[in-house]
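Engineer: Sharing a structure below in structure tokens format, with a few things to ask.
In my numbering, the protein residues as written are 5 to 608.
See the structure below:
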């Protein structure tokens with residue numbers, strides 16, 4: 005009898021290992037494939053581990069803030085930069101894991117020392133680092149993790165409020181571990197998103213008042229504490245000398261200043277002038293015209309200000325005039341395709357931007373995820389199924405390109421092609437106006453946010469006019485722009501859709517049927533298409549790099565085919581100017597420059 009029992013135990017154990025129910029702790033997790041760095045890695049490859057910490061830096065931003073809580077709805081439009089910040093770093097709050105900026109989507113231990121999960125990703129378990137401490141010296145506990153997820157679910161803003169939506173059970177396991185077991189609807193990205201989630205101190209938060217704006221310096225586990233607050237004007241952070249993770253491999257070479265200040269300005273021009281005077285140490289430039297013409301000031305000529313161009317190895321993303329398909333006129337693919345052809349990129353690039361830009365043809369241009377130049381193979385065609393019948397053959401075989409005009413703003417050949425599409429959409433020119441079958445003129449409003457957007461919108465208005473299309477350009481202030489964009493109260497809007505090498509749940513927020521009528525979502529085009537939903541799901545369910553690449557390319561093809569927007573342009577580079585006392589590592593990671601890895605040369 006004992007032998008039978010022993011045999012059953014061994015069989016059960018073997019079965020559990022075979023199905024992935026048991027998992028060994030690992031130091032890192034990746035969305036696809038394996039982490040690049042071994043368990044005994046010393047630091048990320050894009051930092052300088054020998055840098056001496058000290059000195060200070062002043063960042064500058066346009067805007068204001070009235071709260072130090074970045075996780076509630078009331079802080080969305082008035083942001084306290086630095087608290088939880090992808091650009092300046094998470095100075096006060098920390099996540100369970102730290103993302104590597106040199107890999108598509110890989111995370112290494114931070115608050116969580118190790119992780120356990122199964123091959124099917126039915127669960128993930130975060131094992132907290134026993135050294136993890138809050139700034140007051142108290143340990144970070146499993147109870148803190150559970151408290152945080154429940155608090156943000158009940159009182160936080162998206163996406164933090166949605167992180168438990170596909171979690172069937174969250175439980176403390178052992179002394180320092182928290183396990184999340186997923187529902188059948190969960191996708192393979194959910195475990196990684198949990199790893200990127202913040203952890204807040206249960207003992208230092210008043211649940212009752214958490215969702216109210218507050219300027220009281222919070223308690224975190226991060227490398228800095230809030231030292232000074234001037235509401236709407238300035239936040240100063242000072243290093244915590246007892247920061248628990250300063251020698252952790254995922255933090256070595258980062259967080260190098262003793263003091264970080266974030267200075268707020270009402271206008272971009274004011275911020276730039278402050279940079280020229282040395283009030284701000286770094287200026288990230290987004291204007292091709294300014295980069296070419298505005299940096300002939302004394303500090304540049306003397307070498308005190310250094311201009312640098314970085315070449316990230318990331319996708320282009322997509323910037324464009326977005327058609328609101330909730331408006332009946334734009335719920336017509338032929339109309340959208342025709343209007344997209346009218347925009348004369350060559351004229352705009354030459355006359356407005358000194359030829360600095362590249363035309364964007366794909367949402368993942370400049371990466372292996374783009375469809376450009378790649379014919380859909382059998383793997384991709386199988387993922388598409390019947391959807392392939394809807395897609396332009398030139399897009400399917402990868403040869404599709406937007407037409408190159410003669411740069412006149414009225415290229416007859418291109419306009420003739422646009423008119424053909426508009427005619428197929430049911431429009432024709434009568435008495436100098438483009439009208440539908442009922443004689444209603446084709447007219448719409450383009451809402452812009454600033455002078456730069458307005459300049460491009462006015463150019464588009466000019467291109468549309470010869471076809472009898474009336475486009476009204478309306479530039480509104482920031483509050484009205486935010487209100488109208490969040491409530492989808494516009495005909496056409498200019499929006500940017502950044503792309504990464506690890507697209508996932510953000511595609512639902514931008515393009516899926518379930519977010520079409522969700523105010524505050526990024527589904528600015530109002531897309532509700534079962535085929536788009538299907539292709540997004542293929543991305544989320546991909547189990548290996550080959551299926552993932554095929555799924556993203558298929559999604560890219562359908563988005564381009566459906567012409568939800570007029571593709572504009574992108575830069576193949578990042579432009580940044582810095583005062584020479586700010587140093588940086590020589591290695592630039594996959595995602596481009598990383599400000600948290602820079603330092604003050606005066607402290608060396």
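Glycine is no exception: its CB is placed at the ideal position from the N, C-alpha and C atoms.
Within 10 angstroms of its Cβ, does residue 523 collect 16 or more other Cβ (buried), or is it exposed?
Structural biologist: With fewer than 16 Cβ atoms within 10 Å of its Cβ, residue 523 is classed as exposed.
Engineer: How would you call residue 54, buried or exposed, if buried means at least 16 neighbouring beta carbons within 10 angstroms?
Structural biologist: It is exposed - the Cβ of residue 54 has fewer than 16 other Cβ atoms within 10 Å.
Engineer: Just to confirm before moving on: does the CB-CB distance between residue 350 and residue 408 stay below 9 angstroms?
Structural biologist: It is a contact, given that the beta carbons lie within the stated cut-off.
Engineer: Rounding to the nearest angstrom, what Cα-Cα distance links residue 47 and residue 140 in this structure?
Structural biologist: Using only the alpha carbons, I get a separation of about 27 angstroms.
Engineer: Using 10 angstroms around the beta-carbon of residue 83, count the other beta-carbons present and answer buried if the total reaches 16, otherwise exposed.
Structural biologist: With 16 or more Cβ atoms within 10 Å of its Cβ, residue 83 is classed as buried.
Engineer: If you reduce the DSSP assignment to three classes, tell me which class residue 2 lands in.
Structural biologist: In the structure displayed, the chain extends from 5 to 608; residue 2 sits before or after that span and is not available.
Engineer: Tell me, which residues are paired with residue 604 by DSSP?
Structural biologist: Answer by DSSP bridge pairing, in chain order: 586.
Engineer: Can you give me the C-alpha to C-alpha distance between residue 375 and residue 319, rounded to a whole angstrom?
Structural biologist: The straight-line gap from Cα to Cα measures roughly 12 angstroms.
Engineer: Taking the beta carbon of residue 340 as the centre, do at least 16 other beta carbons fall within 10 Å, making it buried, or is it exposed?
Structural biologist: So residue 340 ends up on the buried side.
Engineer: Hey, quick one: how far does the beta strand (DSSP E) through residue 121 stretch, first residue to last?
Structural biologist: Looking at the DSSP string, the run of the beta strand (DSSP E) that includes residue 121 is 116-121.
Engineer: Using only the alpha-carbon positions, how far apart do residue 92 and residue 599 sit?
Structural biologist: If I take the Cα positions, the gap works out to 6 angstroms.
Engineer: Straight-line CA distance for residue 606 to residue 95?
Structural biologist: Approximately 22 angstroms between the Cα atoms of the pair.
Engineer: What did DSSP end up calling residue 225 once you bin it into helix, strand or coil?
Structural biologist: Here residue 225 sits in coil by DSSP.
Engineer: Whole angstroms is fine: what's the gap from residue 106's alpha carbon to residue 386's?
Structural biologist: So the alpha carbons of these two residues sit roughly 32 angstroms apart.
Engineer: Which class does residue 449 belong to by DSSP, given the choice of helix, strand or coil?
Structural biologist: Strand, per DSSP.
Engineer: Let me know if residue 199 comes out buried or exposed under the rule of 16 or more other beta-carbons within 10 Å of its beta-carbon.
Structural biologist: By the neighbour-count rule (16 or more Cβ atoms within 10 Å), residue 199 is buried.
Engineer: Based on the DSSP output, what are the partners of residue 244 in its beta bridges?
Structural biologist: None; residue 244 has no bridge partner.
Engineer: Of the residues 415, 335 and 400, which one's Cα is nearest the Cα of residue 348?
Structural biologist: If we check each option's Cα against that of residue 348, 415 comes out closest.
Engineer: At the level of alpha carbons, what is the spacing between residue 25 and residue 128?
Structural biologist: In this prediction, residue 25 has a pLDDT of 47, which is less than 50 and means its spatial position is unreliable; what the coordinates show is noted afterwards. Cα-Cα distance, rounded: 11 angstroms.
Engineer: What's the gap between the Cα of residue 223 and the Cα of residue 243?
Structural biologist: Distance between the alpha carbons of residue 223 and residue 243: 13 angstroms.
Engineer: Mind checking residue 369: buried by the 16 CB within 10 Å criterion, or exposed?
Structural biologist: Answer is buried; the Cβ neighbour count reaches 16.
Engineer: Would residue 313 be called buried (16 or more neighbouring beta carbons within 10 Å of its own) or exposed?
Structural biologist: It is exposed - the Cβ of residue 313 has fewer than 16 other Cβ atoms within 10 Å.
Engineer: Considering only the alpha carbon of each residue, which of 451, 501, 465 and 466 lies closest to residue 481?
Structural biologist: Closest by alpha carbon: 451.
Engineer: One question on the structure: do residue 342 and residue 254 come within less than 9 angstroms of each other, judged by their Cβ atoms?
Structural biologist: In this structure, residue 254 does not lie closer than 9 angstroms to residue 342 by Cβ.
Engineer: Leaving out five residues before and five after residue 545 in sequence, what residues of the same chain have Cβ atoms less than 7 angstroms from its Cβ?
Structural biologist: Once the five neighbours on either side are set aside, the close Cβ partners of residue 545 are 191 and 192.
Engineer: Have a look at 508, 585 and 257 and flag the residue whose alpha-carbon is nearest the alpha-carbon of residue 559.
Structural biologist: The shortest Cα separation from residue 559 among 508, 585 and 257 belongs to 508.
Engineer: Nearest CA to the CA of residue 214: which residue from 468, 488 and 73?
Structural biologist: With distances taken between Cα atoms, residue 214 lies closest to 73.
Engineer: What ranges does the beta strand (DSSP E) occupy inside the region 300-360, keeping only unbroken runs of at least 3 residues that lie completely in it?
Structural biologist: Those beta strand (DSSP E) runs which fall completely within the region 300-360 and span 3+ residues are 309-314 and 322-327.
Engineer: Using only CA atoms, which one of 437, 85, 60 and 206 lies nearest to residue 142?
Structural biologist: For the residues 437, 85, 60 and 206, the minimum Cα distance to residue 142 belongs to 206.
Engineer: For the alpha helix (DSSP H) that contains residue 558, what are its first and last residues?
Structural biologist: Counting along the chain, the alpha helix (DSSP H) containing residue 558 begins and ends at 549-566.
Engineer: Could you name each continuous alpha helix (DSSP H) segment of 4 residues or more that falls completely within the region 160-229, going from the start of the chain to the end?
Structural biologist: The region 160-229 contains these whole alpha helix (DSSP H) runs: 194-199.
Engineer: Alpha carbon to alpha carbon, how far is residue 365 from residue 428?
Structural biologist: Those two C-alpha atoms are separated by around 23 angstroms.
Engineer: Give the range of the alpha helix (DSSP H) segment to which residue 388 is assigned.
Structural biologist: Counting along the chain, the alpha helix (DSSP H) containing residue 388 begins and ends at 382-388.
Engineer: Between residue 356 and residue 413, what straight-line distance do the alpha-carbon atoms span, to the nearest angstrom?
Structural biologist: Their backbone Cα atoms lie some 12 angstroms apart in a straight line.
Engineer: Pull up the CB-CB distance for residue 233 and residue 265, whole angstroms please, since I reckon it's below 8 angstroms.
Structural biologist: About 11 angstroms separates the two Cβ atoms, so there is no contact after all.
Engineer: From residue 38 to residue 448, what does the alpha carbon distance come to, in whole angstroms?
Structural biologist: Between residue 38 and residue 448, the C-alpha separation is close to 49 angstroms.
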